[in-house]
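Structure, as structure tokens:
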Amino acid sequence: MADFILTTDGCLPTQAYLLYRRILAGLLLGNTDMHLKNFAMFHTDAGLRLTPSYDQVAASLYNYKTLALKIAGSKDQPIGDLKLRHLMRLGKEFGLSPAAINMAAQGIEKQIEAAKDAIQNAPFGESGFKDNLIKLIGKRWNGTFALIGNALSKKQ
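Residue numbers for the sequence shown follow my numbering, so the first one is 1 and each next one is one higher.
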């Protein structure tokens, strides 16, 4: 999809950045079921634009542990084996600069506490499930995602 965005008239390169952020957020939530059918574009007067996000499911909480998306050259990647190098390479494959990759991670980081609060305060769902999802987000963020900024600052 990023290749399509970057090579199609009427698509802005910023849409590749938004797609990257959306994939990062899905991975952070444990959405192992993201695949091409989970991403779409609208025809607008200004050109093709990503639709709002849909079908975001924390599938890894249901023991779906293998990513449906090919991430940075890795097919059938177990989500628990996802490393910083995968996230960085994915951003580069999307045509993003190191600054844009870092900006995507920082933008998500700013939303983590609000996301955890929204999960905890949701009027549906069992508290054990909510707690597991919040733990999963924290573990993934601290284990892989938080390293993006550190890795980029060392390269500069």
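Built from N, CA and C at the ideal position, the CB exists for glycine as well.
Query, Result
"Which of the three DSSP states is assigned to G80 in this structure?", "helix"
"Examine chain B for any beta-carbon lying closer than 8 Å to the beta-carbon of T144, and answer yes or no.", "Absent from the structure is chain B; it holds one protein chain and no more."
"For my contact list, Q56 and G10 are in at a C-beta cut-off of 8 Å; report their separation, rounded to the angstrom.", "The Cβ separation is near 26 Å, so there is no contact."
"Check whether the Cβ atoms of K65 and G80 lie closer than 8 Å to each other.", "yes"
"Could you spell out the range, first to last residue, of the beta strand (DSSP E) harbouring T44?", "41-44"
"Can you tell which of G125, G47, G91, I108 has its C-alpha closest to the C-alpha of Y17?", "G91"
"Can you look up S74 in the DSSP assignment and give me helix, strand or coil?", "strand"
"Going by the beta-carbon positions, is the gap between N166 and Y54 smaller than 8 Å?", "Here the chain covers residues 1 to 156 and nothing more, so residue 166 does not appear."
"Excluding the five sequence neighbours on either side, which residues of its own chain have a C-beta within less than 6 Å of the C-beta of R140, listed in chain order?", "L28"
"Exposed or buried, what is Q156 when buried is set at 16 or more other beta-carbons lying within 10 Å of its beta-carbon?", "Residue confidence is low: Q156 scores 49 on pLDDT, short of 50, so the model does not pin down where it sits. Its coordinate-derived value is still stated next. By the neighbour-count rule (16 or more Cβ atoms within 10 Å), Q156 is not buried but exposed."
"Thinking C-alpha only, which one of I112, D45, F145 is nearest L87?", "F145"
"Among the candidates A68, P78, K83, whose CA atom is the shortest distance from the CA of M34?", "A68"
"Helix, strand or coil for G47? Go by DSSP, reduced to three states.", "strand"
"Would you grab the beta carbon distance between S74 and L136 for me? Rounded to a whole angstrom, and I think it's under 8 Å.", "About 20 Å; that fails the 8 Å criterion."
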